[in-house]
Amino acid sequence: MKLYYAVRDTVDYEVYGADLSVTGLTASHTARTRSGFCLHKSVLYAAAVRALGIPSRLVYGDVRNHLASPRLLAHIGGDVFFHGLTQIYLEGAWVKATPVFNKLLCKLYGMQALEFDGRGDSLHHPYGQDGGAMEFVTDHGAFDDLPYEFVMASMRRSHPRFIEGDGTVSGGSLADEAAPAVNA
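Going by this note's numbering, the sequence shown opens with residue -10, and the numbers climb by one from there.
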C-alpha cells in the first residue's frame, strides 16, 4: 500500500502542460518529473507494482469529474473526462487502484483523498459533504500495456480543446485555480 500513497501524494496531479508524447507517458518520465495526471500516475503505479512482481493492468473509462476548475471544465468541454487508473492482482483477485488526486489538491478542492486497503476497489472518489462520489460513465476496458494510440485518439475525440501538439494546454495550475473553484 505504501506505493499507492507514494504515487498519490508525491507526484503532483497537474493537467496543464502535461507531456502526452510516448516518452511523456512512461513511468520513468513521471517518476523523474513528479508531475502528471491520471494517465501518467496510473502508468507509474502499474510499473511500480510490477517491479515488485505484482501483476497490473491499465484501465480506461469516462468519468464525471468533480475535481476541476471552471477553466479546466471549459478546456475539457464539460464535466465528463477520459480517465485512467490501475488494476492490480492481489490475493487471487483483480482490484482497482486510483492513486491520482494527491492529498493537498483534494484539500484545496474540499474533497477527501481516495484511500486504498489492497482488498477493495479504490475507485469512486468521494467529494462534497453529502457523500457523493465520482461517477463512471463508460468503461473502456483493461490493458496489459499503455494503448498509446487508443489513449490519444480518446483524448483528441473527448477533449479536442485540451490537446496542444504532444501535450495538454499550458499556462495554468489546477492548484492555483482551486480557490476560485471552491468559492464558485
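Backbone N, C-alpha and C fix where the C-beta goes; we use that ideal spot for every residue, glycine too.
Subject >> 8 Å Cβ cutoff met for A35 and T75 >> reply: Yes, the pair counts as a contact, with Cβ atoms nearer than the cut-off.
**OP:** Have a look at the DSSP bridge pairing and note the partners of F125.
**Re:** BP columns for F125 point to V52.
**OP:** Tell me, to the nearest whole angstrom, how far the beta carbon of D51 is from that of F71; I am working on the premise that it is less than 8 Å.
**Re:** D51 to F71, Cβ: 6 Å. Contact.
Subject >> Helix, strand or coil at Y34 according to DSSP, with G and I counted as helix >> reply: Helix.
**OP:** Identify, in the order they occur along the chain, each residue of the same chain with its Cβ nearer than 7 Å to the Cβ of D1, setting aside the five sequence neighbours on each side.
**Re:** Hits under 7 Å: R23, S24 and N91.
Subject >> Start-to-end residues for the alpha helix (DSSP H) that takes in A(-5) >> reply: Secondary structure note for A(-5): its alpha helix (DSSP H) is the uninterrupted segment K(-9) to T(-1).
Original post:
Can you tell me the Cα-Cα spacing of D(-2) and C95, whole angstroms?
Top reply: Rounded to whole angstroms, D(-2) to C95 spans 10 Å at the Cα level.
Original post:
Mind checking E139: buried by the 16 CB within 10 Å criterion, or exposed?
Top reply: Correcting the residue type first, residue 139 is Phe in the shown sequence and not Glu. It counts as exposed.
Original post:
By a C-beta neighbour count over all protein chains shown, 10 Å radius and 16 as the cutoff for buried, is I65 buried or exposed?
Top reply: Around the CB of I65, 16 or more other CB atoms lie within 10 Å, so the residue is classed as buried.
Original post:
Between the beta-carbon of V38 and the beta-carbon of L(-8), is there less than 8 Å?
Top reply: With a cutoff of 8 Å on beta-carbon distance, V38 and L(-8) are scored as near each other.
**OP:** List in chain order: all unbroken alpha helix (DSSP H) runs of 4+ residues lying wholly within the stretch 59 to 110.
**Re:** Annotation note: the stretch 59 to 110 contains the following uninterrupted alpha helix (DSSP H) runs of length 4 or greater, listed N- to C-terminal: 59 to 65 and 92 to 97.
Subject >> Coil, strand or helix - A167 by DSSP >> reply: A167: helix per DSSP, three-state reduction.
**OP:** Quick one: measure Cβ to Cβ for V4 and T127, integer angstroms, because I've assumed they're closer than 8 Å.
**Re:** Between V4 and T127, the beta carbon gap of about 20 Å keeps them out of contact (Cβ cut-off 8 Å).
**OP:** Take M(-10) and list the residues in its own chain whose beta-carbon comes closer than 8 Å to its own, dropping the five residues that flank it on each side.
**Re:** The answer, listed in chain order, is F105, D106 and G107.
Subject >> Cutoff 6 Å; reference A170; Cβ partners in own chain excluding five residues on either side >> reply: With a pLDDT of only 47 at A170, under 50, the local geometry of the prediction cannot be trusted, and no value is derived from it.
Subject >> Beta-carbon proximity list for E124, same chain, < 7 Å, skipping 5 on both sides >> reply: A distance below 7 Å between beta-carbons, with the five flanking residues on each side excluded, links E124 to the following residues of its chain, in chain order: V52 and R53.
Original post:
Between L163 and L61, which are expected to be in contact by the criterion C-beta below 8 Å, what is the C-beta distance as a whole number of angstroms?
Top reply: Taking the Cβ atoms as the reference, L163 lies roughly 7 Å from L61, within the contact range of under 8 Å.
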